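Number of protein chains: 2
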Amino acid sequence: MLGYSAGHVADQQALEAQFDQQLDPADLRTWLLDMASAPNQVGSPHDKHNAETMLAQFKSWGWDAQIETFYVLYPTPLEEQLELVAPTHFVASLKEPPVVGDASSSNTAGALPPYNVFAADGDVTAALVYVNQGMPDDYKELARRGIDVKGKIAIARYGGGWRGLKPKLAQEHGAVGCLIYSDPSGDGYGPGDVYPKGGFRPADGVQRGSVLDIPVASGDPLTPDIGATKNAKRLAIADAKTILKIPVLPISYADAQPLLAALEGPVAPKDWRGGLPITYHIGGGAAQVHLQLKSEWSLKPIYDVVAKMRGSELPDEWVIRGNHHDGWVFGAWDPLSGNVALLEEAKAIGALRKTGWKPKRTLVYASWDAEEPGLLGSTEWAEAHAEELKKKAVLYINADTNTRGFLNSGGSHPYQHLVNEIAAGIRDPETGVSVLQRQRAHQLVEAYGSSKEEDKARAVTLNAGGDVPIDALGSGSDFSPFLQHLGVAALDLSYSGEDDQAGVYHSVYDSFEHYVRFGDPNFAYGIALAQTIGHTMLRVADADVLPMQFGALSQTFADYVQELHKLADNEREHALKLNKLLDQNAFQLADDPTRSVLPPARESEVPALDFVALDAAVKQLQASTKAYDDAYAQALTAPEHRVPRAELDRLLQNMEQQLTVPEGLPGREWYRHLIYAPGFYTGYGVKTMPGVREAIEQRHWDEANKYAGITAATLSRYSQQLDRATQLLKP
Amino acid sequence: MLGYSAGHVADQQALEAQFDQQLDPADLRTWLLDMASAPNQVGSPHDKHNAETMLAQFKSWGWDAQIETFYVLYPTPLEEQLELVAPTHFVASLKEPPVVGDASSSNTAGALPPYNVFAADGDVTAALVYVNQGMPDDYKELARRGIDVKGKIAIARYGGGWRGLKPKLAQEHGAVGCLIYSDPSGDGYGPGDVYPKGGFRPADGVQRGSVLDIPVASGDPLTPDIGATKNAKRLAIADAKTILKIPVLPISYADAQPLLAALEGPVAPKDWRGGLPITYHIGGGAAQVHLQLKSEWSLKPIYDVVAKMRGSELPDEWVIRGNHHDGWVFGAWDPLSGNVALLEEAKAIGALRKTGWKPKRTLVYASWDAEEPGLLGSTEWAEAHAEELKKKAVLYINADTNTRGFLNSGGSHPYQHLVNEIAAGIRDPETGVSVLQRQRAHQLVEAYGSSKEEDKARAVTLNAGGDVPIDALGSGSDFSPFLQHLGVAALDLSYSGEDDQAGVYHSVYDSFEHYVRFGDPNFAYGIALAQTIGHTMLRVADADVLPMQFGALSQTFADYVQELHKLADNEREHALKLNKLLDQNAFQLADDPTRSVLPPARESEVPALDFVALDAAVKQLQASTKAYDDAYAQALTAPEHRVPRAELDRLLQNMEQQLTVPEGLPGREWYRHLIYAPGFYTGYGVKTMPGVREAIEQRHWDEANKYAGITAATLSRYSQQLDRATQLLKP
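So the sequence lines, in the order shown, correspond to chains F and C.
Heads up: the first sequence at position 351 corresponds to 1050 in this note's numbering, and the numbers run straight through without jumps.
Heads up: the second sequence at position 568 corresponds to 1267 in this note's numbering, and the numbers run straight through without jumps.
In structure tokens form, the structure reads like this:
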């Protein structure tokens, strides 16, 4: 048991068994029913009610709880209008009607209409252009067809990258408005029967969501880097860097179909076609759209519920657990399914506390508000308490939506082995084996059916019998400010993968009724999540030495550096290949003159990049991590040697911060972590070693060399601090 | 100029230029308009009219022409009925209504309704099951879901393999009927606007077609191996090996949608989903279908038009050109666009003849009837004249549908270099470069956008500057009986690739009006085809030595053997991987119990296969082909040496037959070629070295070893005969 000397293992196992005995799926059902019983978006009465209810619950379970209120910019829609004005007239409904068998869907008093929070106000009438998923490569394809979006309204389908990038890129290309719709090929009748017959998005269902520029910074756009307290110094809205300038509206596929059917011009390339029964055209004909949006742009209070249980031995080491509680409408899946597991953990730990047990380290349980508009509740709290957290936080564990299926684990790699140890001790409700064994089987079967290199590599790793690798984290939930802004080690844990019979994400149909049919009918996976995170919290809180192991980190980082080498080589080879074809005039000769497509743009040659220091830093890191892991194993099996625990913990607590730099990533200094970041052009999806990787992808060769150096120096610092920890372990 | 001594090159170039001067696109337009002016399927008055018109044309151009009539089994529909009888009632229309702007589509007197020729009569009412494309892997997926087709009616979409395999496999799995429909994702509004707005299949369009068991044998099912002359000995219909036992009907997507929407049971796997705006289910619920078919099963006369021009020096060496003339309704694209190019070639050669020129070898021009039901016209002619053809035919050149685009070239590899030489001399109408240069550019651009290994390999070959490789031939047009049954060297040539703005294959909408909008509006590619094939015919007919080069053959065959090694290795590795996962119980653990999917079946281990003789035979072949090509180059640059031409030609004419064996392929002795065959489970798609390759794919290890030996012996025989030819070239 990582972090525990032999004499403490049995006690800890008994504690965790006691914890398990407190868990009751009926609690989760009761709480989910109540919390999802009314619209609970930011600023709604039920959102506040949920916070206050949780406050009372924490207190009743013996926690030192409070609500921390912040005041954030949170625009809400006043007017929304969308119509096709030429060549025919069609008015979009922009409504999600009630469905039979789902009482919640009729109970929408106080709900906001579908909208993209932080879309600009606007009143525009312009030609419509279909931009596929609205990602950078899509604009290259448009250019090859002589079509741009300047002065036009772009319509993009969901998918391919984070929603907020679609209007951002449309705006950068000169569009005056943007529509985002859910195409039924992936999100509707394509994958399965629609609600209420099945669980998938019905024709009128809309995916709401934030279009704040989260890849630049999450949190309240008016208070970057500081907590949005009542009297905080605020930017003017016009000066906020993370707010768009154009109106954006999410729409259903019922509303999108007449708009798309009205488009003329080139037929969309094969990959751009969706599941509507029409021929997808890009645009260029008479189709004109009128889009009008107006929001109310005031500050709104948000309610973070924060509960603490003071550590008996190391009170200044905090183990933090978070989940948000605000939804888009009812939010039964997202986020309440995870939030009720958090409550169940807190209840059980409270019960343990009442038996006289105390955690050695301090436990912090937090239910965040305002995650949906852009991780506002967690970010403001993290920013408000930045200095304290940097000193005290040892680990932040996040969850969000949780459903039937397989364990997903992502986060800081020194905790990979702990996650494996924990998962080996949790019984999967459906199969009876451990959730680790099921996770491993699932990943092996996925890899078996996949032709992707990374899946094949994972299968080799899994078959070698080592740990199930944890994923690197991008963004998309509340771990981001902790991990990537503050450098607090983090984990993100959930169950999913059998929920792909359903999809009503960010719509009114994300209801209690829907969740208990398609999410986790018996709350068995809610209990599994409470066990998985609860055990992890207890294991970290009571460990003799923080349960970290570094071999996975150096191996994983070495893989990242290999990927960078390969990426640069591939880019180099690609440029040569492309430019040779251009020299041969091959694209013009292969072109069909009746529907001409221009050749791709010539690519600059890829120079030799300087990865020498990075390669050396990885070697150093491998030596240092091996030395630590060896010394650790030695120290815990040699109990006669007294490890200076407090001093060691101080070094370990701070390890993750060694991976951050104050200047942050290029163009987005809020993101300080040099190993994990959301991709600038993927949004949620992670880019590892982002300073180098994205510089290569964007062909910024000097920046790639510069960040290769910065990343190498950072890894070297990390090794040196780990070497100091190793010294403490030695007799 | 391959096959020509230096002194003869200028004359030949002048002859080909003279040929070109005869070509006039107005001819093609006039003839297409006439030939496609009425339904011209087998047995129709206009089919006979077309044959008689061509006979008169050939004669008027100075050819020795005749119609050869065969009498073949050709069932035609008397009754067709399809209805959904539960859970709701829907009667399929089975009709292709006229469309605006296409006069042909109103002029359907005498047309047959959409049907699958050689479908059995039947009257069945049974549950409906969606089997995706109805290919072998699809049945594995059905089995994993606990669903079979026994006693049921299978509905398959087009694609994935030849149409006739769908009912064949359904029948093998116990189905009592089969429906085949055109899914709009690939054949309808998915790829583009439907007719008449655009060129794609409208909702009511149906793909007719044969379901004769062509992978077993093409031709009249009652007269295997012999010509279907009036008094030929015939099998009883019940004894014909290539006729199905169950009713099959092709339907439109308008008719398919209500049937598919009525299905319940498991949601179809992702790859099975098409473009209809429904959730695709596999079946298992109440959906019941009534299918009734009755045909008139008499013999019908078919009319092969065969025109000869006797060779002045080597009259017993025949260079044969063929194209079929029967269509499914009007057949403007398929086959008449190719047939009018054939006529234009014959007209131009006739004009050359009138100037006093005579071909050195005999030219044979043939317009086949009854290709659509299963290559009947060409097969019966080839079988009727088998012995003469084996002795005399030096090359058979086929065409069929022809449209705007890029040269496609397939066939016997000793003619690869000739095709390249010819293509280098034809000007592409759209770009002005040679069709060879454009073909090369097209293939390079295709490879650039592809991740397939074979495309990458082709790009390497093309960039190395050698010949554009010609493809191996499977089946699907009239080259098959010549190449694969008789062992006559063959080429199949056409232009296409810019016609993917349209698709009305085998429907009533394959009309003159449609072709001149979407096929080849100016008939420029009809002329290009006439040039390409006309030059090839003349080049072969007048060559000093048959213009064959063998390096491409040995290199290509060596690649095939490498593929066999790799295939066996991959199968071996796959079995190990799969069986390990089964041992680990991974599939059960990764299974979702609410929609359980059984694990794949365990695979037998792949033994070591004996490719030693095959590897050696390829080495021998490489040496022999190099020796021939070197000796050939020497002989033609050393004109003082008189090559014994007639003797050499006799050896060369017969080379392709060295690749055949009398016992043919396993289970289908009609196919005697050991290098090229249509796949037993792909239908039209080629399988190279099929005796070995398909044995591995079907895990018949003994058969794989046996055919590896037979193929090796065959290659060795080929080398020996080529060595004799080489001796003749030496001074």
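Just so you know, even glycine gets a beta-carbon here, dropped at the ideal spot from N, CA and C.
Being a predicted model, the structure only gives us computed values, none of them experimental.
Interface flag, alanine 1141 (chain C) vs chain F, CB-CB below 8 Å:
Note that residue 1141 (chain C) is histidine in the sequence shown here, rather than alanine. For histidine 1141 (chain C), the nearest CB of chain F lies under 8 Å from its own CB, placing it at the interface with that chain.
Are the stretch 832 to 841 of chain C and the stretch 1002 to 1010 of chain C touching, with three or more C-beta to C-beta distances below 8 Å?
no
To the nearest angstrom, report how far apart glutamine 991 (chain F) and valine 784 (chain F) are at their CA atoms.
13 Å
Would you decide whether glutamate 995 (chain C) is buried or exposed? Buried here means 16 or more other CB atoms lie within 10 Å of its CB.
exposed
Contacts that glycine 1355 (chain C) makes with chain F (C-beta to C-beta distance below 9 Å)
Going by the sequence as given, residue 1355 (chain C) is glutamate instead of glycine. Within chain F, no residue comes near glutamate 1355 (chain C); the closest Cβ sits about 33 Å away, beyond 9 Å.
Measure the alpha-carbon distance for serine 704 (chain C) versus proline 1034 (chain C) and round it to whole angstroms.
Cα atoms of serine 704 (chain C) and proline 1034 (chain C): separation of roughly 37 Å, rounded to the nearest angstrom.
Under DSSP, the alpha helix (DSSP H) around glutamate 1082 (chain C) begins and ends at which residues?
That run of the alpha helix (DSSP H) goes 1075 to 1083.
Go to glutamine 1333 (chain F), then tell me how far its alpha helix (DSSP H) extends in each direction, as first and last residue.
1311 to 1336
Exposure of isoleucine 936 (chain C), with buried meaning 16 or more beta-carbon neighbours within 10 Å:
By the neighbour-count definition (other C-beta atoms within 10 Å, threshold 16), isoleucine 936 (chain C) is an exposed residue.
Compare the Cα-Cα distances from alanine 1229 (chain F) to each of F:Ala764, F:Asn1097, F:Leu811 and report the closest residue.
F:Asn1097
What's the call for aspartate 1209 (chain C), buried or exposed, on a 16-neighbour Cβ count within 10 Å?
Under a 10 Å Cβ-count criterion, aspartate 1209 (chain C) is classified as buried, with 16 or more other Cβ atoms of the shown protein chains found around its own Cβ.
Cβ of alanine 1195 (chain F) within 8 Å of Cβ of threonine 1102 (chain F)?
Before going further, note that residue 1195 (chain F) is serine rather than alanine in the sequence given. Going by C-beta atoms, serine 1195 (chain F) is nearer than 8 Å to threonine 1102 (chain F).
Using a C-beta to C-beta distance shorter than 7 Å, which residues of chain C count as neighbours of isoleucine 977 (chain F)?
Residues of chain C passing the Cβ test: Tyr888.
For arginine 1137 (chain F), decide whether its Cβ has a neighbour in chain C, counting only Cβ atoms nearer than 8 Å.
yes
Give the DSSP-derived three-state secondary structure of valine 1018 (chain F) in the structure shown.
strand
Fully enclosed by the stretch 1094 to 1132 of chain F, which alpha helix (DSSP H) runs are 4 residues long or longer?
Qualifying alpha helix (DSSP H) stretches, in chain order: 1115 to 1123.
Near glycine 1408 (chain F), which residues of its chain fall below 7 Å by C-beta distance, leaving aside the five closest residues on each side in sequence?
Ala1312
Own chain partners of valine 1342 (chain C) with C-beta closer than 7 Å, once the 5 adjacent residues on each side are dropped:
Answer for valine 1342 (chain C): Val1244, Ala1334, Leu1427, Leu1428, listed in chain order.
Status (buried if at least 16 other CB within 10 Å, exposed otherwise) for proline 923 (chain C):
buried
Pair every Cβ in the stretch 1236 to 1256 of chain C with every Cβ in the stretch 1066 to 1082 of chain C, then say whether three or more of these pairs are closer than 8 Å.
No, because fewer than three Cβ pairs between the stretch 1236 to 1256 of chain C and the stretch 1066 to 1082 of chain C fall closer than 8 Å, the two stretches do not touch.
Residue of F:Leu943, F:Ser881, F:Gly908 minimising C-alpha distance to aspartate 954 (chain F)
F:Ser881
Contact check, valine 816 (chain C) vs serine 909 (chain C) under 8 Å by CB: the rounded distance?
Yes, valine 816 (chain C) and serine 909 (chain C) are in contact; Cβ-Cβ is about 5 Å, under 8 Å.
Selection from C:Arg856, C:Lys865, C:Gly873, C:Tyr857 that minimises the alpha carbon distance to aspartate 847 (chain C)
C:Gly873
Determine whether the beta carbon atoms of leucine 1117 (chain F) and threonine 1235 (chain F) lie at a separation below 8 Å.
yes
Own chain residues within Cβ distance below 7 Å of lysine 1091 (chain F), not counting five before or after:
Asp1015, Glu1016, Trp1017
In three-state DSSP terms, what is methionine 834 (chain F)?
coil
Using a threshold of 8 Å, state whether the C-beta atoms of valine 1203 (chain F) and leucine 1094 (chain F) are closer than that.
Contact check for valine 1203 (chain F) against leucine 1094 (chain F) fails: the beta carbons are separated by 8 Å or more.
Classification of threonine 787 (chain F) by the beta-carbon crowding that lies within 10 angstroms, buried from 16 upward
exposed
Our contact map puts valine 1028 (chain F) next to proline 738 (chain F) with C-beta atoms below 8 Å; I'd like the distance itself, whole angstroms only.
Confirmed, about 5 Å.
Beta-carbon spacing of alanine 1047 (chain F), glutamine 721 (chain F) below 8 Å
yes
Grab the span of the beta strand (DSSP E) containing histidine 989 (chain C) for me, first residue to last.
987 to 995
Nearest neighbour of glycine 1148 (chain C), chosen from F:Ala939, F:Lys969, F:Val708, F:Gly800 [CA to CA]:
F:Lys969
Contact check, glycine 898 (chain C) vs glycine 889 (chain C) under 8 Å by CB: the rounded distance?
So it is not a contact: roughly 13 Å between Cβ atoms.
Kindly say whether phenylalanine 1286 (chain C), judged by its beta-carbon, lies nearer than 8 Å to any beta-carbon of chain F.
yes
Flag arginine 1301 (chain C) as yes if its beta-carbon sits less than 8 Å from any beta-carbon of chain F, otherwise no.
no
Near phenylalanine 769 (chain C), which residues of its chain fall below 6 Å by C-beta distance, leaving aside the five closest residues on each side in sequence?
Ala927, Ile1001, Glu1079
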